[in-house]
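Each residue of the sequence shown is one higher than the one before, counting from 1 in full-length UniProt numbering.
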Amino acid sequence: MLYRQLDGLRAQAARRLATALRGSGGTQQERSQRDSTVRMYTDQVERLGAVEQGLCFGRLDLDDDTHLYVGRIGIFGTDEHDALLLDWRAPAARAFYLATAATPDGVRRRRHIRTRYREVVGLDDEVLDLTDATLAGSRNTGGLTGEAALLAAVNASRTGRMTDIVRTIQAEQDTVIRADLDGVLVVQGGPGTGKTAVALHRAAYLLYTHRQILSTRGVLLVGPNATFLRYISQVLPTLAETGVLLRTVGELFPGVTATRAESAEVAEIKGRLDMVEVLAAAIRDRERVPDEPVEINIERDRVVLTPATIAAARDRVRRMDRPHNLARPLFDIEIIHALADQLAERIGADPLGGENLLDEADLAEFRRELRAEPEVQAVLDWLWPVLTPQQVVAGLFASDTRLAAATTNLTEAERAALRREPRGGWSPADVPLLDEAAELLGEDDRAARARAERQRQAEIEYAEGVLEIAAGSKSIDFEDEADAEDGMLDVTDLLVADQLADRQVDGEQLTTAERAAADRGWAFGHVIVDEAQELSPMAWRVLMRRSPNRSMTLVGDVAQTGALSGALSWDRVLEPYVGDRWRLEELTVSYRTPAEIMAVAAKVLAEIDPTLTPPRAVRGTGEQPWDERVPRAGLADRLDAAIRAEVGQLGDGRLGVIVPAGLVDELAPVARAAEPEVALGDDPELRSRVVMLTVAQAKGLEFDSVVVVDPELIVAESPRGRSDLYVALTRATQRLGVLRTG
1 MLYRQLDGLR
11 AQAARRLATA
21 LRGSGGTQQE
31 RSQRDSTVRM
41 YTDQVERLGA
51 VEQGLCFGRL
61 DLDDDTHLYV
71 GRIGIFGTDE
81 HDALLLDWRA
91 PAARAFYLAT
101 AATPDGVRRR
111 RHIRTRYREV
121 VGLDDEVLDL
131 TDATLAGSRN
141 TGGLTGEAAL
151 LAAVNASRTG
161 RMTDIVRTIQ
171 AEQDTVIRAD
181 LDGVLVVQGG
191 PGTGKTAVAL
201 HRAAYLLYTH
211 RQILSTRGVL
221 LVGPNATFLR
231 YISQVLPTLA
241 ETGVLLRTVG
251 ELFPGVTATR
261 AESAEVAEIK
271 GRLDMVEVLA
281 AAIRDRERVP
291 DEPVEINIER
301 DRVVLTPATI
311 AAARDRVRRM
321 DRPHNLARPL
331 FDIEIIHALA
341 DQLAERIGAD
351 PLGGENLLDE
361 ADLAEFRREL
371 RAEPEVQAVL
381 DWLWPVLTPQ
391 QVVAGLFASD
401 TRLAAATTNL
411 TEAERAALRR
421 EPRGGWSPAD
431 VPLLDEAAEL
441 LGEDDRAARA
451 RAERQRQAEI
461 EYAEGVLEIA
471 AGSKSIDFED
481 EADAEDGMLD
491 VTDLLVADQL
501 ADRQVDGEQL
511 TTAERAAADR
521 GWAFGHVIVD
531 EAQELSPMAW
541 RVLMRRSPNR
551 SMTLVGDVAQ
561 TGALSGALSW
571 DRVLEPYVGD
581 RWRLEELTVS
591 YRTPAEIMAV
601 AAKVLAEIDP
611 TLTPPRAVRG
621 TGEQPWDERV
631 PRAGLADRLD
641 AAIRAEVGQL
651 GDGRLGVIVP
661 AGLVDELAPV
671 ARAAEPEVAL
681 GDDPELRSRV
691 VMLTVAQAKG
701 LEFDSVVVVD
711 PELIVAESPR
721 GRSDLYVALT
731 RATQRLGVLR
741 TG
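Spelled out as structure tokens, the structure:
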């Protein structure tokens, strides 16, 4: 019945979309309404198509003998109060996740329904009313909500893509998912606690609960790398939400995709807050005051700009405290006024020694003519150039002289590390610098507005020509004046040129997420950051600009911080922006990582910080992790054998081979020989049965089996090496093996 209802809703949405697409829309308002309608029904069609799998996954049997079905979306009968299927995010569905035998909340029994396509393949009942003899055959609920369904989900083979946890949300996860929209919420949780899944379900919940607010401003979800974003990309669509913008920090500057590799040490330097002053100094360095006077030839005359005049103009403009590009018109005024005064003093001087013979009108004419002089404009462009963020950052790193002038707070070695040629693209650590430079420069949109106005005038002129042709055709068609007077109205009677031009504008139809992605100044309704502990201080400035209302969910684990500029304390990260006005929720239960593996990882955690408590594993697999010491010369052969052995046990699962960054090139051929279809490289495809990757690439991912290679080298490669090893050891859901040379 529910699937019949879904099919009907899909067909209805498709019909309405087709009708909307056929609409022509005469006026600008009508076109806008049509486009809004098209977007609405397109979104409906996508959302209804995304919930096909697992449409209904639960049932609540209540004390009053009624039933409530729970699923991915809400479906209603002919009466809007007749809920055939409750959306999992609705308040009435919350008992499905929170009700227990101790606090049943009016629920006698909770049923978990497993389906494959449109067929029910399994049921799991939990009795909450222990006094009801009719439910004696149902299993009593334990410490976990839907324990059988939960264990089935976490024990299932990985597919290379994250799946939703909507059927198995636990009480502590539900608290985070349904937390208030306002303010900054930090979700701290160890490996396997479901931080990422909670963050995604929170995005879906907020869009459902606050759709009126968030549908226009959008939700931004920031992840650590492109591989991770592809891994989680299917979760939100299956939760009936398609309007969240997924980005890495390296993709937050429109027009730039940052893929350039650089060392962790260089990224740390770029991530320091000191770079704010470095960029400001680099921009000030472009506001030139030459050592010698500048001569400008104007027709038969010549004017001279002295260094003192230029310095005075520059200092006056700087005191106005405007961004560099927005201050340029003020600098132009100062210089042109100085040049006009110089000309007036020379041309208008009274030969008898009296007052200057020129008045204010003459001075205004001088200024107008000077502004139009190409040579004057060339000098102004040299003294105070209009800059792009790319010019500032690339120019800074490409010049020893500019680096020396702007980075007085850095050591010679640090300056040398930053030095590079502009070729090769941008690194992820460059993007916060580009964004900061854009703030310091300001956007001078005069040229863009002038181009738009010229384009509009051209369209109006073209429309005028069309109307003239139409009017000429009319005079030829009518044989005499009487016929003309009795004739029907035509286009020239109903339209003027600018109206006709407006009708031909092709409005680009973009979703909220698409418009937000293209607009650097977009203010999101809510920002979610996964692996938030990895962000540098400069990256935090970017995100705070994207969230001026400070409505954020930050998900991470400071024990897993690997980036040299990453966070060791949430207090230290947030204090500059919100003081102590943030709240903390902790996830304490590990669902993914089995107890046998967590026991190994806990020893590493104790070395990172003895005060930290590892999450409590809810299950064991009965398989103890293995580790084997091999000679360095024999590492390749032993890894080949280990990969072949693990592949033999995988079934439909996935194997992750986590190696030190310094061994990737050496061991990649070994992995390829053992498994020809192995995924390798900067952005590996996680659907492959075997994936070789570094710790940085493995953050947030999970595999059925994991082999960690040379843990000693992983530790040695970074000052945060123990945190990296902790990450590597906790990626497996079933089996863990370690090959060590030390």
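Where a beta carbon is used, it is the ideal one built from N, C-alpha and C, also for glycine. Just so you know, these numbers come straight off a predicted model, no measurement behind them.
Excluding five sequence positions before and after GLY77, the CB atoms of its chain that fall closer than 7 angstroms to its own CB belong to LEU84, given in chain order. By the neighbour-count criterion, in which 16 or more other beta carbons inside 10 Å mark a residue as buried, LEU701 falls on the buried side.
Within the stretch 302-380, the runs of alpha helix (DSSP H) at least 4 residues long that lie entirely inside it are, in chain order, 307-319, 324-347 and 360-372. Along the stretch 609-640, the beta strand (DSSP E) occurs as fully enclosed runs of 3 or more residues at 626-629, listed in sequence order. Taking the C-beta atoms as reference points, GLN5 is found nearer than 8 angstroms to ILE75.
Taking the CA atoms as reference points, THR401 sits about 21 angstroms from PRO307. Spanning the alpha carbons of ALA673 and TYR231 requires a straight line of approximately 26 angstroms. In the three-state reduction of the DSSP assignment, VAL222 falls in the strand class.
Cβ-Cβ distances below 7 angstroms link PHE253 to VAL431, LEU434, ASP435 and ARG520 in the same chain, with the five nearest sequence neighbours on each side left out; the list follows chain order. As the crow flies, the alpha-carbon of SER551 is around 32 angstroms from that of GLY58. Spatial neighbours of ALA417 in its own chain (CB-CB distance under 8 angstroms, excluding positions within 5 residues in sequence) are listed in chain order as SER263, GLU265, VAL266 and ILE269. For GLU585, the uninterrupted beta strand (DSSP E) segment begins and ends at 582-587. Per the Cβ contact rule, the stretch 239-254 is not in contact with the stretch 701-720 (fewer than 3 Cβ pairs under 8 angstroms). For ARG111, the enclosing beta strand (DSSP E) begins and ends at 107-116.
The way I'd put it, the stretch 535-554 doesn't touch the stretch 149-163; fewer than three beta-carbon pairs between them come closer than 8 angstroms. When rounded, the separation of the alpha-carbon atoms in ALA20 and THR242 is 20 angstroms.
DSSP places ILE460 within a helical segment (H, G or I) once states are collapsed to three.
In this structure, DSSP gives THR741 a state outside helix and strand, which the three-state scheme calls coil. SER36 sits in a helix when the DSSP states are folded into three classes. One alpha carbon belongs to ARG316, the other to ALA280, and they sit about 17 angstroms apart. For secondary structure counted as the alpha helix (DSSP H) over 4 or more consecutive residues, the stretch 403-435 holds these complete runs in sequence order: 412-418. Here DSSP, grouped into helix, strand and coil, assigns SER215 to helix. Taken through DSSP and simplified to helix, strand or coil, LEU245 comes out as strand. With 16 or more other Cβ atoms from the protein chains shown falling within 10 Å of its own Cβ, VAL70 counts as buried.
ALA14 sits in a helix when the DSSP states are folded into three classes. Between the alpha carbons of ILE597 and ALA13 lies a gap of roughly 49 angstroms.
The three-state secondary structure of GLY71, taken from DSSP, is strand.
When the alpha-carbon of ALA617 is set against those of ARG284, ARG638, THR593 and LEU574, the nearest one is in THR593. In this chain, the alpha helix (DSSP H) harbouring SER723 covers 721-729. Three or more beta-carbon pairs drawn from the stretch 628-647 and the stretch 663-678 are found closer than 8 angstroms, and the two stretches are therefore classed as touching.
Cβ atoms of VAL219 and LEU206 come within 8 angstroms of each other, at about 7 angstroms. Annotation: the continuous beta strand (DSSP E) that includes GLY58 extends over 56-62. Bounds of the beta strand (DSSP E) holding ALA83 are 83-87. Nearest Cα to VAL555 within the set LEU686, TYR97, LEU221 and GLU30: LEU221. In this structure, ASP704 keeps its C-beta atom at 8 angstroms or more from the C-beta atom of GLY742. Relative to VAL127, the option among TYR117, ARG114 and GLU147 whose CA is nearest is GLU147.
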